[in-house]
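Chemist: Take 325 as the starting number for the sequence shown in the working numbering and just add one per residue.
Note that beta-carbon positions come from the ideal geometry of N, C-alpha and C, so glycine has one too.
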Amino acid sequence: MTAFVRQHNADCTIFYNAGHVGPRHRQITDAYTHLELESLPSGGWGYLHFPLTIRYARNLGLDCMGMTGKFHTTWGDFSSFKNPAALEYECFMMLANGAKCSVGDQLHPEGEICQATYDLVGDVYSRVEAAEPWCRGARPLTDIGVMTPEEFTGGSHGDLPEAAMGAVRMLQEGAQQFDIVDSHADLARYKVLILPDAIEVNENLATKLSAYVDGGGALLASHRSGLDPAGEKMAVQEFGVQLKGEAPYSPDFLTPEAEIGDGLAETGHVMYLRGVEVEAGSSAKVLASVAVPYFNRTHEHFCSHNHTPSSGRLEYPGIVQNGRCIYFAHPVFTQYTQNAPRWCKQLVLNALGRLLQEPLVQLDAPSTALATLNQQDEPARLVLHLLHYIPERRGARFDVLEDVIPLHDTGVSVCAPGPVSAVRCVPLGDEIPFELDEGRVRFVLPRLEGYQIIELDLA
325 MTAFVRQHNA
335 DCTIFYNAGH
345 VGPRHRQITD
355 AYTHLELESL
365 PSGGWGYLHF
375 PLTIRYARNL
385 GLDCMGMTGK
395 FHTTWGDFSS
405 FKNPAALEYE
415 CFMMLANGAK
425 CSVGDQLHPE
435 GEICQATYDL
445 VGDVYSRVEA
455 AEPWCRGARP
465 LTDIGVMTPE
475 EFTGGSHGDL
485 PEAAMGAVRM
495 LQEGAQQFDI
505 VDSHADLARY
515 KVLILPDAIE
525 VNENLATKLS
535 AYVDGGGALL
545 ASHRSGLDPA
555 GEKMAVQEFG
565 VQLKGEAPYS
575 PDFLTPEAEI
585 GDGLAETGHV
595 MYLRGVEVEA
605 GSSAKVLASV
615 AVPYFNRTHE
625 HFCSHNHTPS
635 SGRLEYPGIV
645 QNGRCIYFAH
655 PVFTQYTQNA
665 PRWCKQLVLN
675 ALGRLLQEPL
685 VQLDAPSTAL
695 ATLNQQDEPA
705 RLVLHLLHYI
715 PERRGARFDV
725 LEDVIPLHDT
735 GVSVCAPGPV
745 SAVRCVPLGD
755 EIPFELDEGR
765 VRFVLPRLEG
775 YQIIELDLA
């Protein structure tokens with residue numbers, strides 16, 4: 325089709341829309357001039373689809389454009405209007421992640437545009453226009469790669485892997501800087517590679533992962549990630565564990581030790597989804613053991629409304645570290661998508677803290693605050709995007725966003741590639757006092773009202 329179009333027009337832009345951009349597009353990017361990421365949060369895509377998709381698509385070598393809609397629900401919703409705060413958030417998320425902006429509308433059969441629609445879009449686009457100098461030519465800075473199960477299981481805008489969505493949510497809430505990658509990516513770009521829950525590893529990928537670790541990289545994997553395609557044995561020897569089989573009990577109870585449990589009570593934490601049973605090798609360290617229940621709750625052995633409590637008996641490893649590699653026996657990322665236990669996120673972030681001592685960004689802020697760090701060469705500066713918007717499930721069908729709730733005195737720490745001469749809120753240019761501390765730039769943002777770009781000038 326592209327060849328046919330080029331017979332008639334050598335310069336027009338070409339994009340084939342299928343509602344979702346993912347690993348299947350890697351082999352056909354030469355047929356496209358750019359990528360358009362259709363993602364209407366209220367239209368079936370949800371608020372996790374765009375950040376997951378753009379963090380993958382932006383590494384395929386083509387310009388990316390986000391596409392939301394002006395509608396309260398989805399396409400064809402005439403005479404409806406997205407809440408202004410929601411449109412702000414959706415457009416500013418595009419800018420923060422390196423994408424251009426597009427807001428979809430549908431023309432009334434009479435051929436007249438709705439003035440109220442373009443007043444709504446225009447108000448947000450005026451802020452987009454003011455931010456453009458800090459977005460042109462910017463590239464994302466990331467230190468974590470997340471391998472998507474979509475490469476192996478497939479996916480669409482309404483059926484993305486729960487493990488990938490859980491990883492995106494956890495890392496965003498932890499202010500981590502990351503890309504979504506596939507097995508063809510250049511892994512050397514990342515200090516840590518995460519394999520969430522369902523990444524099968526064939527011989528070629530096992531060799532690539534071994535070379536990555538030998539080159540100084542770190543791995544974090546969970547559940548069936550790292551197993552061979554048949555699911556019969558651990559294919560990544562760097563984790564220092566051997567598969568024994570499915571965990572004999574479910575739910576069971578993860579009991580973290582010392583710093584892996586930082587921020588959590590020193591007790592067992594229920595793991596709702598069945599894990600696997602592994603045996604730790606002699607070089608590996610067990611960071612958390614699994615306590616089993618008295619019995620599995622069945623019609624033969626019944627207990628209460630939900631599950632049998634812990635017996636306190638520690639039976640098998642739950643989290644294991646071997647050098648720069650950490651393995652979780654449970655599907656913690658899928659679990660976080662399903663019902664968001666804080667302990668799952670805390671354990672993952674604590675594990676990352678063991679593998680990534682100097683993250684690019686640290687925030688002293690609620691987990692609802694999001695941060696992305698970009699860099700421009702001309703002029704030489706870091707560009708930090710901070711967002712604070714809170715989607716809520718006020719109706720039964722989708723999340724909405726109505727109010728902008730400001731944050732005050734947000735502490736920020738950025739790992740800079742060189743000396744920093746000034747820190748400013750832009751586009752207004754208000755300077756922020758800062759401190760330099762062993763390669764980190766520390767400052768306090770007095771007020772974050774929805775969205776703020778912060779410029780860090782490199783000396």
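#1: Run the CB neighbour count on glycine 367, radius 10 Å, all protein chains shown included, and call it buried at 16 or more, exposed below.
#2: Give me the DSSP bridge partner(s) of aspartate 761.
#3: Taking the DSSP output, what are the residues bridged to aspartate 503?
#4: I'd like to confirm the pairing. Which residues does DSSP put opposite lysine 424 in its beta bridges?
#5: Out of curiosity, what's the CA-to-CA distance linking tyrosine 371 and valine 345?
#6: Using the Cβ count rule (16 or more neighbours within 10 Å means buried), how would you classify glutamine 776?
#7: State the Cα-Cα distance for the pair leucine 567 and alanine 491, rounded to the nearest angstrom.
#8: So valine 685 packs on glutamine 501, CB below 8 angstroms; how close in whole Å?
#9: Tell me, which residues are paired with proline 641 by DSSP?
#10: By the 10 Å Cβ neighbour count, where 16 or more other Cβ atoms means buried, how is tyrosine 573 classified, buried or exposed?
#11: Determine the extent of the alpha helix (DSSP H) in which methionine 494 is found, giving its start and end residues.
#12: Quick one: what does DSSP say glutamate 779 is sitting in, helix, strand or coil?
#13: Tell me which same chain residues have a C-beta within less than 8 angstroms of the C-beta of lysine 557, skipping the five on either side of it?
#14: Following the continuous alpha helix (DSSP H) through cysteine 627, name the residue where it begins and the one where it ends.
#15: State the CB to CB distance for the pair leucine 697 and valine 738, rounded to an integer number of angstroms; the pair is presumed to be in contact (CB under 8 angstroms).
#16: Taking contact to mean at least 3 C-beta pairs separated by less than 8 angstroms, is the segment 357-367 in contact with the segment 378-393?
#17: Taking one C-beta from the segment 531-544 and one from the segment 574-591 each time, how about it: are there three or more such pairs within less than 8 angstroms?
#18: Tell me, please, which residues DSSP counts as bridged to methionine 595.
#19: Measuring CA to CA, which of Phe395, Ala334, Gly390 is closest to phenylalanine 722?
#20: To the nearest angstrom, how far is it from the Cα of threonine 392 to the Cα of serine 404?
#21: Does DSSP classify proline 365 as helix, strand or coil?
#22: From which residue to which residue does the alpha helix (DSSP H) around arginine 379 run?
#23: Could you please give the first and the last residue of the uninterrupted beta strand (DSSP E) stretch that includes serine 745?
#24: Quick one: what's got a C-beta closer than 6 angstroms to asparagine 526's C-beta in the same chain, skipping five residues either side?
#25: Using DSSP with H/G/I as helix, E/B as strand and the rest coil, what is asparagine 526?
#26: Does the contact criterion of 3 or more C-beta pairs under 8 angstroms hold for the segment 748-764 versus the segment 423-434?
#27: Please name the residue, chosen from Leu782, Tyr713, Trp667, that lies closest to proline 703 on a Cα-to-Cα basis.
#28: Going by C-alpha distance, which of Asp335, His373, Met325, Thr377 is nearest isoleucine 352?
#29: Determine, using beta carbons only, whether alanine 740 and leucine 706 come nearer to each other than 8 angstroms.
#30: Let me confirm a value: leucine 676 is counted as buried when at least 16 other C-beta atoms fall within 10 Å, else exposed. Which label applies?
#31: I'd like to confirm the pairing. Which residues does DSSP put opposite proline 699 in its beta bridges?
#32: Which runs of the alpha helix (DSSP H) at least 4 residues long sit entirely within the segment 525-571? Give them in chain order.
#33: Within this structure, are the beta carbons of serine 613 and asparagine 646 separated by less than 8 angstroms?
#34: When we look at the beta-carbon of serine 450 and count the other beta-carbons within 10 Å, is it buried (16 or more) or exposed?
#35: Just to confirm the assignment: which complete alpha helix (DSSP H) runs, minimum length 4, are found wholly within the segment 632-696?
#36: From cysteine 649 to threonine 622, what distance separates their C-alpha atoms?
Modeler: With the structure as the only source:
#1: As a first step, residue 367 is located in the sequence shown; it is residue number 43 there, counting from the start. With 16 or more other Cβ atoms within 10 Å, it is buried.
#2: Counting from 1 along the sequence shown, the entry for residue 761 is found at position 437. In the DSSP output, where bridge partners are listed per residue, aspartate 761 has Arg764.
#3: Numbered from 1 along the sequence shown, position 179 holds the residue referred to as residue 503. In the DSSP output, where bridge partners are listed per residue, aspartate 503 has Gly469.
#4: Your numbering for residue 424 matches position 100 in the sequence shown. Its beta-bridge partners are Met389.
#5: As a working note, residue 371 is residue 47 in the sequence shown. As a working note, residue 345 is residue 21 in the sequence shown. Tyrosine 371 and valine 345: Cα-Cα distance of roughly 15 angstroms.
#6: Along the sequence shown, one-based indexing puts residue 776 at 452. Glutamine 776 is buried by the Cβ-count criterion.
#7: If you number the sequence shown from 1, residue 567 lands on position 243. If you number the sequence shown from 1, residue 491 lands on position 167. So the two alpha carbons sit approximately 23 angstroms from each other.
#8: Numbered from 1 along the sequence shown, position 361 holds the residue referred to as residue 685. Numbered from 1 along the sequence shown, position 177 holds the residue referred to as residue 501. Contact holds; Cβ gap of about 6 angstroms.
#9: Locating residue 641 in the sequence shown gives position 317, where the first residue counts as 1. Proline 641 is bridged to Ser613.
#10: For the purposes of this step, residue 573 is taken as residue 249 along the sequence shown, with counting starting at 1. When all chains shown are included, tyrosine 573 counts as buried.
#11: As a working mapping, residue 494 is identified with position 170 in the sequence shown. Start and end: 486-497.
#12: On the sequence shown, position 455 is the one that residue 779 refers to. Correct three-state label for glutamate 779: strand.
#13: Reading the sequence shown from its first residue, position 233 is the one you call residue 557. Answer for lysine 557: Leu551, Gln566, Leu567, listed in chain order.
#14: Here residue 627 is taken as the residue at index 303 of the sequence shown, counted from 1. No alpha helix (DSSP H) contains cysteine 627, which DSSP labels as neither H nor E.
#15: To locate residue 697, count along the sequence shown from 1; it is residue 373. To locate residue 738, count along the sequence shown from 1; it is residue 414. Going by Cβ atoms, the distance from leucine 697 to valine 738 rounds to 7 angstroms, so yes, they are a contact pair.
#16: yes
#17: no
#18: Here the question's residue 595 lines up with position 271 in the sequence shown. Looking at the DSSP assignment, methionine 595 forms a beta bridge with Asp576.
#19: For this step, residue 722 is matched to residue 398 along the sequence shown. Out of Phe395, Ala334, Gly390, Phe395 has the C-alpha closest to the C-alpha of phenylalanine 722.
#20: Position 68 of the sequence shown holds residue 392. Position 80 of the sequence shown holds residue 404. If you take the alpha carbons of threonine 392 and serine 404, they lie about 14 angstroms apart.
#21: Numbered from its first residue, the sequence shown carries residue 365 at position 41. Three-state result, proline 365: helix.
#22: The sequence position of residue 379 within the sequence shown is 55, counting from 1. Segment 373-381, the alpha helix (DSSP H) holding arginine 379.
#23: What you label residue 745 is simply residue 421 of the sequence shown in a count that begins at 1. Serine 745 -> beta strand (DSSP E) spans 744-750.
#24: Taking the first residue of the sequence shown as position 1, residue 526 is located at position 202. Result list for asparagine 526: Pro553, in chain order.
#25: Taking the sequence shown and counting its residues from 1, the one referred to as residue 526 is at position 202. It is coil, neither helix nor strand.
#26: no
#27: As a first step, residue 703 is located in the sequence shown; it is residue number 379 there, counting from the start. Considering only alpha carbons, the answer is Leu782.
#28: What you label residue 352 is simply residue 28 of the sequence shown in a count that begins at 1. Checked all of Asp335, His373, Met325, Thr377; the closest Cα to isoleucine 352 is Met325.
#29: Within the sequence shown, the letter at position 416 stands for residue 740. Within the sequence shown, the letter at position 382 stands for residue 706. Yes, these two residues count as a Cβ contact at 8 angstroms.
#30: Locating residue 676 in the sequence shown gives position 352, counting from the first residue. Looking at its Cβ environment, which holds 16 or more other Cβ atoms inside 10 Å, leucine 676 is buried.
#31: Within the sequence shown, residue 699 is the residue found at index 375, counting from 1. Contrary to the premise, residue 699 reads as glutamine rather than proline in this sequence. Bridge partners of glutamine 699: Arg463, Leu706.
#32: 527-538
#33: If you number the sequence shown from 1, residue 613 lands on position 289. If you number the sequence shown from 1, residue 646 lands on position 322. Not a contact, by the Cβ cut-off of 8 angstroms.
#34: The residue you call residue 450 lines up with position 126 of the sequence shown. By the 10 Å Cβ count, serine 450 comes out exposed.
#35: 656-663, 666-679
#36: Walking along the sequence shown from the start, residue 649 turns up at place 325. Walking along the sequence shown from the start, residue 622 turns up at place 298. Distance between the alpha carbons of cysteine 649 and threonine 622 is about 36 angstroms.
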